[in-house]
Amino acid sequence: MPNDAPVSDPVLPPALDVVTIGRSSVDLYGEQAGGRLEDMSSFAKYVGGCPTNIAIGTAKLGLHSGLITAVGDEHMGRFVKEEVERWGVDTGRLKTDPARLTSLVILGIRDEHSFPLIFFRENCADSALDEGDIDEAYIAGAKAVVVTGTHFSRPNLDRASRKAATVARAKGRKVILDIDYRPVLWGLTGHGLGEERFVESGNVSAHLQTILPLC
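The number in our numbering is simply the position in the sequence shown, starting from 1, with 18 added.
What follows is the structure in structure tokens.
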């Protein structure tokens, strides 16, 4: 006798070990160690952004990683995408935004305690991500999802990261919160204090604590 009952789709094993979500940038490091940024005469170019670095780092360790971020449709955006792909990171959800530029960071090394840093992120590509950029099937296809604190600092980014965490948790995946605390990106310092790693803020602490139940 034929069985007319609907056949449910089999549960597929995760295709990725980890998906990271958030910032991507081009980091320009001053090559004259010990000097001020004002005195730098040459810079070395690297890929930056905490979640992007995590995606690359885990890929180097042999994991299958994916990255959800956005870059501009220009030279630096192509550099980020090509470098990420070179290390084997899946870029199927790396968005190219024709209306915005790739984030840029200028950094230096003064001494073992001082690392001057300037973020150029005004209306950059990854700052425009929203929940529409979060593919539920892509999230469900990873064993773990890494969300980063900076991408809870704006309403649209908060919605995107919460959606990813909510979907991952509903699918039984691990959710990891990397605090990635940059006071300047929460508007707690001026642009010239980008290297400041801690400014006490009850509002930021309370906001990030609302993410913990999803982790």
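For each residue, glycine too, the CB sits at the ideal point set by N, CA and C.
Keep in mind it's a predicted model, so treat the numbers as computed, not measured.
Sheet register partners of residue i (DSSP bridge)
i: Lys192; result: Ala162
i: Ser132; result: Asp129
i: Val65; result: Val44
i: Val36; result: Ser83 and Ala162
i: Ile124; result: Leu46 and Ile136
i: Asp108; result: Gly84
Unbroken alpha helix (DSSP H) run spanning residue i, endpoints
i: Val98; result: His93 to Arg104
i: Gly75; result: Cys68 to Lys78
i: Val217; result: Neither: Val217 is in no alpha helix (DSSP H) and is coded neither H nor E.
Alpha carbon of residue i to alpha carbon of residue j, nearest angstrom
i: Pro24; j: Arg177; result: Because the pLDDT of Pro24 is 35, which lies under 50, any placement of that residue in the model is unreliable, and the number read from its coordinates should be weighed accordingly. Distance between the alpha carbons of Pro24 and Arg177: 35 Å.
i: Ser26; j: Gly205; result: Bear in mind that the predicted position of Ser26 carries a pLDDT of just 33, short of 50, making it unreliable; the figure below should be weighed with that in mind. Their Cα atoms are separated by approximately 49 Å.
i: Lys181; j: Ala62; result: 36 Å
i: Ile72; j: Ser43; result: 13 Å
i: Leu55; j: Asp129; result: 13 Å
i: Ala50; j: Glu101; result: What sits at residue 50 in the sequence shown is Gln, not Ala. Each residue's alpha carbon lies about 24 Å from the other.
i: Leu34; j: Gly159; result: 6 Å
i: Val164; j: Gly84; result: 10 Å
i: His93; j: Thr120; result: 9 Å
i: Val202; j: Val123; result: 13 Å
i: Asp148; j: Glu154; result: 13 Å
Top-ranked residue by Cα proximity to residue i, from the options
i: Ser145; options: Ser179, Ala160, Asp57 and Gly159; result: Ser179
i: Leu235; options: Asp91, Ile124, Val123 and Ile127; result: Shown here, the chain extends from 19 to 233; a query on residue 235 therefore has no answer.
i: Thr166; options: Ser60, Cys233, His82 and Leu81; result: Cys233
i: Asp115; options: Ala143, Leu125, Val107 and Ser132; result: Ala143
Exposure label - residue i; buried when at least 16 CB within 10 Å
i: Phe216; result: exposed
i: His169; result: buried
i: Val37; result: buried
i: Gly48; result: buried
i: Pro173; result: exposed
i: Asp57; result: exposed
i: Lys99; result: buried
i: Thr228; result: exposed
N- and C-terminal bounds of the beta strand (DSSP E) containing residue i
i: Leu85; result: Ser83 to Gly90
i: Asp115; result: Leu112 to Asp115
heavy atom of the ligand HEM below 6 Å from residue i C-beta
i: Ala33; result: For the structure depicted, the ligand HEM is absent and the ligand set is empty, with no information on it obtainable.
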